[in-house]
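Residue numbers (the numbering used here): 4 to 149.
Cβ atoms here follow ideal geometry from the backbone N, Cα and C, with glycine treated the same way.
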């Protein structure tokens, strides 16, 4: 199993999957910043003055990091960014469950979307494991420098 997971082709597939996932996730947020800002606000984690700034910046970070993973540009750095984002998303979902907030995640669709719950934490944690694998094992993969 270890040899299979360390196979360069598997690492490439995981990297491309993660990159495409983040590019896709960013798109609706970029197109609908007000709705995404409302989704961010609903978590009640950030101070209100930072919600709009966060909602404007985060989707672009997702887009750029995802594109860089797809293109093989600074793989390690972008895998680290995505790993940090996924950890943050899972933690925010956990905090929301703890607080009994009945909210949607704002993950892929700002108009409605999925409810924050245990399933979301499992999905985020699974993606987190993939990103950690790309971060650790993809380090030796030759990447393009800009």
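Of the candidates 56, 78 and 62, the residue whose Cα lies closest to the Cα of residue 135 is 78.
Within a 10 Å sphere around the beta-carbon of residue 54 sit 16 or more other beta-carbons, which makes this residue buried. Of the candidates 128, 28, 33 and 12, 33 places its Cα closest to the Cα of residue 60. For residue 31, the enclosing alpha helix (DSSP H) begins and ends at 11-34. A distance below 7 Å between beta-carbons, with the five flanking residues on each side excluded, links residue 58 to the following residues of its chain, in chain order: 36, 39, 40 and 43. In this structure, 104 is the residue among 74, 104 and 131 with its C-alpha nearest to the C-alpha of residue 118.
Straight-line spacing of the CA atoms in residue 13 and residue 123 works out to 25 Å. No Cβ-Cβ contact shorter than 7 Å links residue 89 with residue 31. Residue 139 sits exposed, since fewer than 16 C-beta atoms from the chains shown fall within 10 Å of its C-beta.
Looking from the CA of residue 71, the closest CA among 130, 52 and 25 belongs to 25. Secondary structure in the stretch 120-145: the alpha helix (DSSP H) runs of 4 residues or longer, each lying completely within the stretch, are 121-140 in chain order. When 6, 115 and 18 are compared, the shortest CA-CA separation from residue 141 is found for 18.
Judged by their CB atoms, residue 21 and residue 133 are nearer to each other than the 7 Å cut-off.
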